[in-house]
Amino acid sequence: MSTKTNTENNVAHEYPYNGSSTQVEVKIKLTADKIEKIDAICRSFGNDPGELINVLHETQSEFGYLPAEVQDVIAQNLRIPVAQVYGVVSFYSFFTMTPKGEHPISICLGTACYVRGSEKILEEFKKELNIEVGETTPDGKFSINCLRCVGACGLAPVVMVGERVFGRVSPESVKQIIGEYKD
Ligand code: FES
1031 MSTKTNTENN VAHEYPYNGS STQVEVKIKL TADKIEKIDA ICRSFGNDPG ELINVLHETQ
1091 SEFGYLPAEV QDVIAQNLRI PVAQVYGVVS FYSFFTMTPK GEHPISICLG TACYVRGSEK
1151 ILEEFKKELN IEVGETTPDG KFSINCLRCV GACGLAPVVM VGERVFGRVS PESVKQIIGE
1211 YKD
């Protein structure tokens, strides 16, 4: 039987891996309960490689993002190459490998918002925070993400910060919105 070794918090954790007959020790910086949680998600989909997207969805909603270590555990459980998992994660924009910021900023690029200039607003957020879409500021406070119509077209252009909706946003108001979330 091969083992996974957990090294986070200096805790050595031997974990039985049932996915391969090859004797491989994989070092994963995940706590034992996180690994068990991922295993449970994979099991709930029958460890079926055809359920990869559903497994990834469920795992991301549990962890918030899909770092390499998590992808590794999924690949082992589904008995597929890590490259295949990575390929799917990087192909679909709704999967992310970086944790969201404390205040995730989502700019709507749906038609109504787009025609009212949401692209300029996006550019302004990128400039102000000095990050790209899908990235998080080094202090972990903000991340930028784009959305399709959020159902508030009457307020276009729309920006969400967490669950809060900002309507009729202008590039000039971007600084003010960010300012509301700074200490
Ligand atoms: S297009 Fe942005 S809320 Fe509908």
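Residue 1031 is where the sequence shown starts when you use my numbering, and the numbers rise one by one after that. Just so it is clear, CB atoms sit at the ideal spot from N, CA and C, and this is done for glycine as well. Every value quoted in this text rests on a predicted model; they were computed, and no experiment measured them.
Counted as a single uninterrupted DSSP element, the alpha helix (DSSP H) harbouring F1121 occupies residues V1112 to F1121. Within 10 angstroms of the beta-carbon of E1202 lie fewer than 16 other beta-carbons, which makes it exposed. Distance from the CA atom of T1089 to the CA atom of L1096, rounded to whole angstroms, is 7 Å.
Ranking F1093, Y1211, V1163 and T1166 by CA distance to the CA of D1063 puts F1093 first.
Taken through DSSP and simplified to helix, strand or coil, N1084 comes out as helix.
Setting aside the 5 residues that flank it on each side, C1183 is surrounded in the same chain by A1142, each with a C-beta closer than 6 Å to its C-beta; the list follows chain order. Here S1136 is near N1175, since their CB atoms are less than 9 Å apart. Taking C-beta atoms as the reference points, G1147 and S1091 fail to come closer than 9 Å. For G1140, the CB falls within less than 8 Å of some heavy atom of the ligand FES. In the assembly as shown, G1131 is a buried residue. Its beta-carbon has 16 or more other beta-carbons within 10 Å. Taking the Cβ of L1185 as the reference point, at least one heavy atom of the ligand FES falls within a distance shorter than 8 Å. Membership of N1175 in the beta strand (DSSP E) is indicated by the continuous run F1172 to L1177.
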